[in-house]
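Numbering (our numbering), first residue to last: 25 to 244. This report refers to the structure that appears directly beneath it.
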């Protein structure tokens, strides 16, 4: 895809929203760390997916300044709930302000601390319809394995940064995050518990559907 065509895709791939636009502008002022924010077209896709499956419960691993959380919360049913997991009070203080501005604060619970501890402490009846993983790359597999048994059948897990700026296909790149994402991608491609598709949206998204018990996999 040429740069011009990608610019066209981005310009036409989402609906502008004043709250999200303001959040993006404030996040950009944080400097290089702002790259952790999802792209607007990713946010739109998350909201569409959540709404399309009629999700009432969702979990997000890695909230940063709150862009993706707002998009997910807006896609939930009116009585839906989103649990956000992050380790930074500083970044999520921005998120909290924008949750209020977006009118979704009452739907969101924010837990500060290691996400895996939050997931392990969930009750047996807490079964999300949707989960989004966008946090420390070396823990992706741990998050995936903690979430998949909980997600309801036909529920979705979405993983961000699966293309990792193209570094996943560079055999010379042995950096730990790169290796973790590469291993995660390889694992999902052969995981018979799920049906998955990888999309070249921004830095890459993998959408995973948890299969219904007894469902026949197309893989042999």
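Where a beta carbon is used, it is the ideal one built from N, C-alpha and C, also for glycine. Remember, predicted model here, so these are calculated numbers, not experimental data.
In the DSSP output, what is residue i paired with across the bridge?
i           : result
residue 236 : Bridge partners of residue 236: none, in fact.
residue 81  : 105
residue 229 : 184 and 223
residue 155 : 83 and 181
residue 218 : 234
residue 110 : 136
Using a Cβ-Cβ cut-off of 6 Å (strictly less than) and excluding sequence neighbours within five positions of residue i, which residues of its own chain qualify?
i           : result
residue 98  : 71
residue 223 : 229
residue 227 : 185 and 187
residue 183 : 157 and 230
residue 47  : 91 and 122
residue 119 : 87, 89 and 90
Hey, would you say residue i sits closer than 8 Å to residue j, going by beta carbons?
i           : j           : result
residue 108 : residue 134 : yes
residue 69  : residue 232 : no
residue 167 : residue 77  : no
residue 200 : residue 162 : yes
residue 152 : residue 175 : yes
residue 211 : residue 179 : no
residue 218 : residue 235 : yes
Taking 8 Å as the limit between beta carbons, can you name the residues of its chain near residue i, skipping five residues before and five after?
i           : result
residue 173 : none
residue 38  : 64, 65, 67 and 68
residue 237 : 177
residue 248 : In the structure as shown, the chain starts at 25 and stops at 244, and residue 248 therefore has no counterpart that could be examined.
Quick check on the DSSP output: the beta strand (DSSP E) that includes residue i runs from which residue to which?
i           : result
residue 53  : Element bounds for residue 53: n/a, residue is neither H nor E.
residue 214 : Residue 214 -> no beta strand (DSSP E), and no H or E assigned at all.
residue 132 : 132 to 136
Can you list, in chain order, the residues of its chain with a C-beta nearer than 7 Å to that of residue i? Leave out the 5 residues immediately preceding and following it.
i           : result
residue 170 : 140, 143 and 144
residue 202 : 188, 191 and 192
residue 282 : Residue coverage of the chain in this structure runs from 25 to 244, which leaves residue 282 outside it and unanswerable.
residue 204 : 161, 162 and 164
residue 244 : Interpretation of residue 244 is limited by its pLDDT of 39, a score under 50 that renders its predicted location unreliable; the figure taken from the coordinates is listed afterwards. No residues qualify anywhere along the chain.
What residue range does the alpha helix (DSSP H) around residue i cover?
i           : result
residue 245 : With the chain covering 25 to 244 only, the question about residue 245 has no answer from this structure.
residue 162 : First-last for residue 162: undefined, no H or E at that position.
residue 118 : 113 to 126
residue 140 : 139 to 144
residue 65  : 64 to 76
residue 40  : No alpha helix (DSSP H) holds residue 40; DSSP gives it neither H nor E.
residue 34  : 27 to 36
Determine, for residue i, whether the minimum Cβ-Cβ distance to residues of chain C falls below 8 Å.
i          : result
residue 89 : Absent from the structure: chain C. Only one protein chain is present.
The segment 84 to 91 / the segment 113 to 125 touching (three or more Cβ pairs under 8 Å): yes
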